[in-house]
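The opening residue of the sequence shown carries number 78 in the numbering used here; numbering runs sequentially from there. Just so it is clear, CB atoms sit at the ideal spot from N, CA and C, and this is done for glycine as well. I have placed the structure first, in the form of structure tokens, so that the comments after it can refer back to it.
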Amino acid sequence: MLSFVGFILLAMGPVHSLESKVSQDLHSPTESYLMWIWHNRLYLYSAAALIFGVWFSVKMALKRRSFSKDVGALVYKAVKKTDCSSKDPVVHVSAVKIFYGSQTGTAKGFANELSEEVKTLGIPAEVIDMKDYDPDDQLADECTNKSVCVFILATYTDGQPTENAEWFCKWLEEASTDFRYGKTYLKGLRYAVFGLGNSVYVGHYNTVGKNVDKWLWMLSGVRILTRAEGDCNVVKSRNGSVQADFLAWKVKFLKRLQALAKGEKKSCGGNCKTGGSCKNKKREEEQTQDEEEEHNKSEEDLLESSSDEDESSLQEKRSGLVVDMEDLGNIMSSAKKAKSKAEGQGDGQMVKLSKLNGVKKVDDEGERREMITPALREALTKQGYKLIGSHSGVKLCRWTKSMLRGRGGCYKHTFYGIESHRCMETTPSLACANKCVFCWRHHTNPVGTEWRWKMDPAEKILQDAVEKHENMIRQFRGVPGVKPERYEEGLKVKHCALSLVGEPIMYPEINTFLRLLHSHNISSFLVTNAQFPEEIRSLVPVTQLYVSVDASTKDSLKKIDRPLFKDFWPRFLDSLRALGEKRQRTVYRLTLVKAWNVEEMLSYSELIALGQPDFVEVKGVTYCGESSASSLTMANVPWHQEVVAFVQQLADMLPQYEIACEHEHSNCLLIAHTKFKVDGEWWTWIDYERFQELVRTHEETDGLHSFSALDYMAKTPSWALFGAHEQGFDPADTRFQRRNKTKANSGC
């Protein structure tokens, strides 16, 4: 700029010198100077304006820079102060609405638990029974009221929704494919899904949670958290139980909810499609670990979106699950990794046959979990169980208490001569392969199709069972009404009813356990649910082997027993054939459920002809109180006269069977094969001492010296016979009539 001013002055130099010479001749120096200024005023004005302009521009530039810093800080403080003192702060989450679909009450309990946790964060929460919610009128409103919807859903029989969630799921399924609603009907709905199921139901595991998540997504709902699944199967549950699975998910949900309440967006998970670099490496590592832990994921799960994906990719997937070619390689790679990991796990869980009874076992004992979870332990303990180790239990039967007082024994006393006060009711396996509608344990016990838990030794189970049983008997010492002689006899266990709960035959060392019982002169009465035919064939001799025949057709058996096996009917029939191959005493146990299976007379007779059991016990179902896990009511309990009529008709259809005994108090009758009727007299009772002699000889000769049911039978007393005045009540005891009858939730 200064050089430019100098150039102007140099240009003006010659003119100035010429004029100065003339002016010096005519004027004084002062006048000459003023004249020079006047003549050059235009140039001087231009130079001054130029200098001022440059100065002003520099000044404004510096001032603007300083102003931006000062004012920026002031504006930030003012805005922050305004936000903090504002009467109406921005609300990002107005409330959390927790919907539950529950059959046994577990999902409902989780919903209430989550509600309390959300409220502690200062966010309103509401627990909603899905049967009381109209999605057609209300669900769309959740898209605009800034609420977060949580769905805690259990999967019921055959992968169907629970009764209270049926309508909601039906509506949601139809809406997801109905063009009248459109694919953006639930756009803006923020939701999370937690499903409850049991992985032993391979074809139906957590299908309700998966479907609801899919249908909400198809209607443009936005997941705030990836769907989680709680597994009641402790073997495959990621955290050891369904309660632990829920707890782990709850922690993640509450953390995500807090972020949403602050207005934070979900951080990048490492799957950016824009080509940008991921800033949150920690989140990327956590997601990688989660992906590695996932197993048994379907193709739908691999294509599942998350809330941090951009909207364009979301719309692509909703419009037909379109996958970019560059993403196809990643998806296939993930699928191969998941498959190889599953195969690797399978290799590490190789099974082998037990030398004792052929039951499948897992090699890697260290990785297997305990069957009894803390929640299960608490539930069973409340029901009066004395738990043994990690998978066994013992409980005092009400008939044991009754006979200690001289008030009569159970139907096994009437039919087979068991001394009820000396009978120990136990099981080496609390797990079962069925979820029967009349289960008196209300399905608190675990379920499974094979042994995948840690295993306790048979010696320890028997020792603890006897000890705990005797301790329960000792509690009756000095109790009014207890007979001293029976109290002393009760301290010495003589019989063992392996029918407490679950499926005892699932225990891999069941044969060892039975041998131990017999070595202690304890008789064995084992009950199985007819789903393990090979295990029945490999059983060592037992005093009496039962098979529960709760229905006579495939449809009714599925409806009543609700078996886990897909091939339950072939297994059922093969179990009956296996029973027919046994030489020791065998029994069919029929449980009559009015309006469910009492009309299947012909089918029952065909099943009896298939297995040729020695005895058929027919018992009316026992109502054990209301349970959300079962629709059974008192209306399904037949009267004793109805049971008698059924048995009489059934016996008429069986040429080699007759009605032998009756126990009116248990609403039970016994049909016996006529080979036990010798010279017109029934021999249904058991000579227990003779049985012990026979089984010892059998063991000593490695099975070469066999024996049959006829070798240890005993004569039945007259009071136990059908048609007797006593109706199966032992006259040596005194009948006691309770004035205020209470529900009996135990018995064998």
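Of the residues 233, 176 and 490, the one placed nearest residue 743, counting alpha carbons only: If you number the sequence shown from 1, residue 743 lands on position 666. Nearest of 233, 176 and 490 to residue 743, Cα basis: 490.
Nearest neighbour of residue 661, chosen from 619, 688, 683 and 670 [CA to CA]: Mapped onto the sequence shown, residue 661 falls at position 584. The shortest Cα separation from residue 661 among 619, 688, 683 and 670 belongs to 619.
Touch test, the segment 187-201 against the segment 166-178, Cβ-Cβ under 8 Å, three pairs minimum: yes
Own chain residues within Cβ distance below 7 Å of residue 292, not counting five before or after: Taking the sequence shown and counting its residues from 1, the one referred to as residue 292 is at position 215. Only 249, 250 and 253 meet the Cβ criterion.
CB contact flag (residue 685, residue 698, <8 Å): Working through the sequence shown from its first residue, we reach residue 685 at position 608. Working through the sequence shown from its first residue, we reach residue 698 at position 621. The answer is no: Cβ separation not under 8 Å.
Meets three-Cβ-pair contact criterion under 8 Å: the segment 610-618 and the segment 530-540: no
Beta strand (DSSP E) runs contained entirely in the segment 603-646, provided each spans 3 or more residues: 621-625
Complete runs of the beta strand (DSSP E) confined to the segment 219-270 [at least 3 residues]: 224-231
Reduced DSSP category for residue 666 - H, G, I as helix; E, B as strand; rest coil: Your numbering for residue 666 matches position 589 in the sequence shown. Strand at residue 666.
Whole-angstrom C-beta distance between residue 481 and residue 559, which should lie under 8 Å: Within the sequence shown, residue 559 is the residue found at index 482, counting from 1. Within the sequence shown, residue 481 is the residue found at index 404, counting from 1. Residue 559 to residue 481, Cβ: 5 Å. Contact.
Other residues of its chain near residue 728: CB distance less than 7 Å, five sequence neighbours each side excluded: On the sequence shown, residue 728 is found 651 positions in, with the first residue counted as 1. Excluding residues within five positions, the ones whose Cβ falls inside 7 Å are 734, 735, 736 and 748.
Buried versus exposed, by CB contacts within 10 Å (16 or more), residue 563: For the purposes of this step, residue 563 is taken as the residue at position 486 of the sequence shown. Buried.
Inter-residue Cα distance where the pair is residue 812 and residue 476: By one-based count along the sequence shown, residue 812 stands at place 735. By one-based count along the sequence shown, residue 476 stands at place 399. So the two alpha carbons sit approximately 13 Å from each other.
Where the beta strand (DSSP E) containing residue 504 begins and where it ends: Taking the first residue of the sequence shown as position 1, residue 504 is located at position 427. 500-504 is the extent of the beta strand (DSSP E) around residue 504.
Distance CB(residue 323)-CB(residue 269) smaller than 8 Å: Translated into the one-based positions of the sequence shown, residue 323 becomes position 246. Translated into the one-based positions of the sequence shown, residue 269 becomes position 192. Not a contact, by the Cβ cut-off of 8 Å.
Beta-ladder partner(s) of residue 203, from DSSP: Position 126 of the sequence shown, counted from the first residue, corresponds to residue 203. DSSP, once it has assigned bridges, lists 174 as partnering residue 203.
Whole-Å CB distance - residue 311 paired with residue 446, under 8 Å assumed: Within the sequence shown, numbered from 1, the residue matching residue 311 stands at position 234. Within the sequence shown, numbered from 1, the residue matching residue 446 stands at position 369. That pair is a contact at about 5 Å.
Short Cβ contact (8 Å threshold) for residue 169 with residue 273: Residue mapping note: residue 169 aligns to position 92 of the sequence shown, counting from 1. Residue mapping note: residue 273 aligns to position 196 of the sequence shown, counting from 1. It is not a contact, given that the beta carbons lie outside the stated cut-off.
Counterpart residues of residue 463 in DSSP-defined beta bridges: For the purposes of this step, residue 463 is identified with residue 386 of the sequence shown, where counting begins at 1. Looking at the DSSP output, residue 463 sits in a beta bridge with 471.
Cβ pair residue 285, residue 183 closer than 8 Å: As a working note, residue 285 is residue 208 in the sequence shown. As a working note, residue 183 is residue 106 in the sequence shown. Their beta carbons are not under 8 Å apart, which means residue 285 does not touch residue 183 by this criterion.
Closest Cα partner of residue 650 within the set 298, 575, 514 and 680: Within the sequence shown, the letter at position 573 stands for residue 650. Ranking the options by Cα distance to residue 650, first place goes to 680.
Own chain partners of residue 386 with C-beta closer than 6 Å, once the 5 adjacent residues on each side are dropped: What you label residue 386 is simply residue 309 of the sequence shown in a count that begins at 1. In this predicted model, residue 386 has a pLDDT of only 37, less than 50, meaning its place in the structure is not dependable enough to derive any value.
Opposing strand residues paired with residue 488 [DSSP bridges]: For the purposes of this step, residue 488 is taken as the residue at position 411 of the sequence shown. Beta-bridge partners assigned by DSSP to residue 488: none are found.
Heavy atom of the ligand NAP within 7 Å of residue 684 beta-carbon: As presented, the structure is devoid of all ligands, the ligand NAP included, so that no description of it is given.
Nonlocal neighbours in the same chain, by C-beta distance under 7 Å from residue 659, ignoring five residues either side: For the purposes of this step, residue 659 is taken as the residue at position 582 of the sequence shown. Within the same chain, and ignoring the five residues on either side of residue 659 in sequence, the residues whose Cβ sits closer than 7 Å to its Cβ are 622.
Rounded distance between the beta-carbons of residue 810 and residue 485, thought under 8 Å: Start at 1 with the first residue of the sequence shown, and residue 485 comes out as number 408. Start at 1 with the first residue of the sequence shown, and residue 810 comes out as number 733. Going by Cβ atoms, the distance from residue 485 to residue 810 rounds to 5 Å, so yes, they are a contact pair.
Coarse secondary structure for residue 758, derived from DSSP in three states: As a first step, residue 758 is located in the sequence shown; it is residue number 681 there, counting from the start. Strand at residue 758.
Contact check, residue 523 vs residue 448, beta carbons under 8 Å: The residue you call residue 523 lines up with position 446 of the sequence shown. The residue you call residue 448 lines up with position 371 of the sequence shown. Contact check for residue 523 against residue 448 passes: the beta carbons are separated by less than 8 Å.
8 Å contact criterion, which residue 283 and residue 309 should meet: CB distance rounded: To locate residue 283, count along the sequence shown from 1; it is residue 206. To locate residue 309, count along the sequence shown from 1; it is residue 232. Not quite, the Cβ-Cβ distance comes to about 10 Å (not below 8 Å), so this is no contact.
Beta-carbon contacts of residue 208 that lie in its chain and below 6 Å, excluding the five residues immediately before and after: In the sequence shown, residue 208 corresponds to position 131, counting from 1. Cβ neighbours of residue 208 beyond the five flanking positions: 241.
Beta strand (DSSP E) segment containing residue 747, residue limits: Taking the first residue of the sequence shown as 1, we reach residue 747 at position 670. 745-750 is the span of the beta strand (DSSP E), which, as asked, contains residue 747.
C-beta atoms of residue 220 and residue 265 nearer than 8 Å: Within the sequence shown, residue 220 is the residue found at index 143, counting from 1. Within the sequence shown, residue 265 is the residue found at index 188, counting from 1. Going by C-beta atoms, residue 220 is nearer than 8 Å to residue 265.
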